[in-house]
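Notes follow the structure.
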Amino acid sequence: MKKITVIKKSFKLLGKRGFKYILFAIFFATGIAIVELSMSFIIQLLLTSFGFVHVEYKIFDNEIPKFSIQIVSLSLVFISIVRFIVQLLTTQTAVFLREYIFLKLRQFSIYSILFENDEEDKNTSSMNFKISEIFNRSADFISYFTNALCMLVQSFFLFLLLFIIAWKEAIISSLGIAIIGCIILYINKLVSMNAKQVPVQQIKLNEGIEKIARNFLFIKLMKKRDDEYQEISEALKEYSSKATSAGFYSNLGTQTGPFLGILLLVCIILISNNIFATNGAILVSFIYLLARFIQSLSILSGYYGNATIYFPQFKLSLLTIESPNFSEISKDNFDKILLNGYRKKIDVKKNYDKISLSDSHKLSSPTIYFKDVTFSYPNSNPIFENLNLTFEKGSQTGLIGPSGVGKSTLLLLITGLLQPTSGQTYINEIPPWEYVSQKNMRIGYVGAEPFLIKGTIKDNICYGLTREVNEQDIYNILEKVSLKELIDEKGLSYIIAEDQSGLSAGQKQRLCLARALLNEPALLILDEATANLDDENELLIAQILADIKSICTTIIVSHRIGILKYADKVIDLKLLKSH
Ligand SMILES: Nc1ncnc2c1ncn2[C@@H]1O[C@H](COP(=O)(O)OP(=O)(O)OP(=O)(O)O)[C@@H](O)[C@H]1O
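Numbering (the UniProt record's numbering), first residue to last: 1 to 579.
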């Protein structure tokens, strides 16, 4: 990515609000420089009041009166309080900005997972990696960058003040600081070189872990565990070594500043004393400001080093904002959300939003029409051409045909997840997507792969329910699909893990069927939903489906005939396509 593109995209990511926070931070940082100037004067006053240094103060030929030690001490306390507040505001603005960016990126990431890029492979590992590694580190980058910017501004003003207090010493100091700056910049280059490799190894590491998690049995069976271990270990070692090197150089840069700074201070004191013979009180002020300046520079170097470490991740997250929806999501009032944390606990109420049984129009089974439907996947031959079909209200239709003939594709067209290339599909009088998007619409879907969430059996069976049910309804439906024994043994609160272990394939499939049936669907779609059941259980499900015929339009894709026993119609897609 070109530098100019990075800058443009960074502005887009920050948005007006982010930019506003940066300006606030810079404003407070300027305040700190002014506070430092006051501090240096008060130190002078303190030294003269104690009699450590004797000097006559004059501003525009007017002598400044001597103050009592009490007044000077009180001023010192006052200015320290002001300094504390301004410093707190500066660093807090950076913290606020960090959370703002992190919240924005995470919120958008969740939005895009749910609503964008359907073709993208979505899995826990890569999603977590993106959020916890890439976005978290990007937010860290923003925070370090803002702090570095504040320190730069602060250092700049302190530098100007040095010239105001003692310009000759300031010129000599500038030379020394230029040399120190060059050394620190060189060290930071080493930080950057190492940091660049960190996300590359992180991605390798993440992909390796994901590969193992997905294919563990296969890897074990093929005796590839050693190879996988070797490969991941390499990435891990490389990652750790690059991260440690980047951290080391960043640390070296931070520590080099004060070390060389002290040497510079000693030189300045010697030169000032021996050559310029500057007044003692002024020299004390100068030395105080120079020490603060060097301190600011070394903090700046630390922030800059850390920002360099996380810059590669920040660059990666800039790709996120390429989505046209990013600006829309960014309009959320994030300041309000962040400030809420300081004021009160946010009360998140679960909104179940169930319908009453009187909402009868949504309960009636629909009729589905296909009119001259042609469909092809991008860059492929058409799967269907001029297809005309009707699935009558309350009917049960079986779809059969050889593998790859288009059975699942037809289901996707019915549910509106795919659009015909030409022709029209309707459910009742409206397009399928509109039909299924209706609030509280009762649709049941069960596929060959059971969709189970991490949670209890009860959580799973109630997931997506749009009608009120009680515990008895749940027990009844589980009994109907022959899961009573399982529930008696494990209970409704039995937890199904993320890898779905603990239940047999058939039990999982029956659980999914029970979930679909519990919702009393008006439209029920089963795609090889009984593939893992024995004949006895399959016939049992066929019987349940026969019982709900009058209230539900059912479409069943299956290679097995048992489940189609009570079907009103069985369509062989191969025959249909050859006509
Ligand atoms: N997303 C996709 N992009 C491109 N081609 C696809 C896509 N999904 C499926 N296909 C192709 O479309 C054809 C029909 O696939 P579909 O999954 O509908 O078949 P099916 O009859 O359900 O098969 P099976 O019985 O094996 O599940 C196949 O040739 C398949 O390779």
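For every residue, glycine included, the Cβ atom is placed at its ideal position computed from N, Cα and C.
Item                                                                                                                                                                 : Value
Going straight from the alpha carbon of residue 570 to that of residue 506, what length do you get?                                                                  : 24 Å
By a C-beta neighbour count over all protein chains shown, 10 Å radius and 16 as the cutoff for buried, is residue 312 buried or exposed?                            : buried
Quick one: using the 10 Å Cβ neighbour count with 16 as the cut-off for buried, is residue 510 buried or exposed?                                                    : buried
Measuring CA to CA, which of 518, 501, 553, 559 is closest to residue 527?                                                                                           : 559
Figure out for me which residue from 95, 93, 135, 84 has the closest Cα to the Cα of residue 109.                                                                    : 135
When DSSP builds the beta bridges, which residues end up paired with residue 399?                                                                                    : 557, 571
Quick one: residues in its chain with C-beta nearer than 7 Å to the C-beta of residue 514, no 5 flanking neighbours on either side, listed in chain order?           : 461, 477, 478, 481, 483
Using the beta-carbon count (16 or more within 10 Å), is residue 471 buried or exposed?                                                                              : exposed
Determine the extent of the alpha helix (DSSP H) in which residue 372 is found, giving its start and end residues.                                                   : Here residue 372 belongs to no alpha helix (DSSP H); instead the beta strand (DSSP E) covers 368-375.
Of all the options 551, 494, 290, 444, which has the alpha carbon lying nearest to the alpha carbon of residue 171?                                                  : 290
Is residue 407 near ligand 1 - that is, is its Cβ less than 7 Å away from at least one heavy atom of it?                                                             : yes
Counting beta carbon pairs with one atom in the segment 248-260 and one in the segment 215-229, are three or more of them shorter than 8 Å?                          : no
Only counting runs of 3 or more residues, tell me where the beta strand (DSSP E) segments fall wholly within the segment 468-547, in order along the chain.          : 523-527
Residue 208 and residue 231 - do their beta-carbons sit closer together than 8 Å?                                                                                    : yes
So is residue 347 buried or exposed if we call it buried at 16+ other beta carbons inside 10 Å?                                                                      : The predicted position of residue 347 is uncertain, since its pLDDT is 45 and thus under 50; no value can be drawn from it.
Ordered along the chain, which non-local residues of its own chain (more than five positions away) have a Cβ less than 6 Å from that of residue 307?                 : 141, 144, 145, 148
By Cβ distance, which residues of its chain are closer than 7 Å to residue 254, with the 5 residues on each side in sequence left out?                               : 298, 301, 302, 305
I'd like to confirm something about residue 31: is its beta-carbon nearer than 7 Å to some heavy atom of ligand 1, or not?                                           : no
With respect to 7 Å, is the separation between the Cβ of residue 132 and the closest non-hydrogen atom of ligand 1 below this value?                                 : no
Could you tell me the distance, in whole angstroms, from the CA atom of residue 77 to the CA atom of residue 70?                                                     : 11 Å
Leaving out the 5 sequence neighbours to the left and right, which residues in its chain are closer than 8 Å to residue 564 when beta-carbon positions are compared? : 398, 400, 542, 556, 558, 570
Between residue 79 and residue 281, what straight-line distance do the alpha-carbon atoms span, to the nearest angstrom?                                             : 19 Å
In the DSSP assignment, find the beta strand (DSSP E) that holds residue 444 and state where it starts and stops.                                                    : 443-446
Taking 8 Å as the cut-off, does the segment 268-280 touch the segment 182-200 (at least 3 CB pairs, one atom from each stretch)?                                     : no
Are there 16 or more other CB atoms within 10 angstroms of the CB of residue 92, so buried, or fewer, so exposed?                                                    : exposed
Would residue 31 pass as an interface residue toward chain B - the criterion being a Cβ-Cβ separation below 8 Å?                                                     : Looking at the structure shown, chain B is missing, and only one protein chain is on hand.
Counting only runs that start and end within the segment 117-194, where is the alpha helix (DSSP H) found for 4 or more residues in a row?                           : 124-128, 136-165
State the DSSP-derived secondary structure class of residue 273, mapped to helix, strand or coil.                                                                    : helix
Thinking C-alpha only, which one of 86, 444, 4, 49 is nearest residue 68?                                                                                            : 49
Distance, Cα to Cα, residue 194 vs residue 12?                                                                                                                       : 28 Å
Taking the alpha carbon of residue 371 as the reference point, which residue from 427, 395, 381, 522 has its own alpha carbon closest?                               : 427
If you follow the beta strand (DSSP E) that residue 93 is in, where does it begin and where does it stop?                                                            : Looking at the DSSP string, residue 93 is not in any beta strand (DSSP E); the run it does join, the alpha helix (DSSP H), is 69-115.
Shorter than 7 Å, the distance from the beta carbon of residue 445 to the closest heavy atom of ligand 1, or not?                                                    : no
Can we count residue 404 as close to ligand 1, meaning its CB is less than 7 Å from some heavy atom?                                                                 : yes
Measuring straight from C-alpha to C-alpha, what distance separates residue 218 and residue 494?                                                                     : 28 Å
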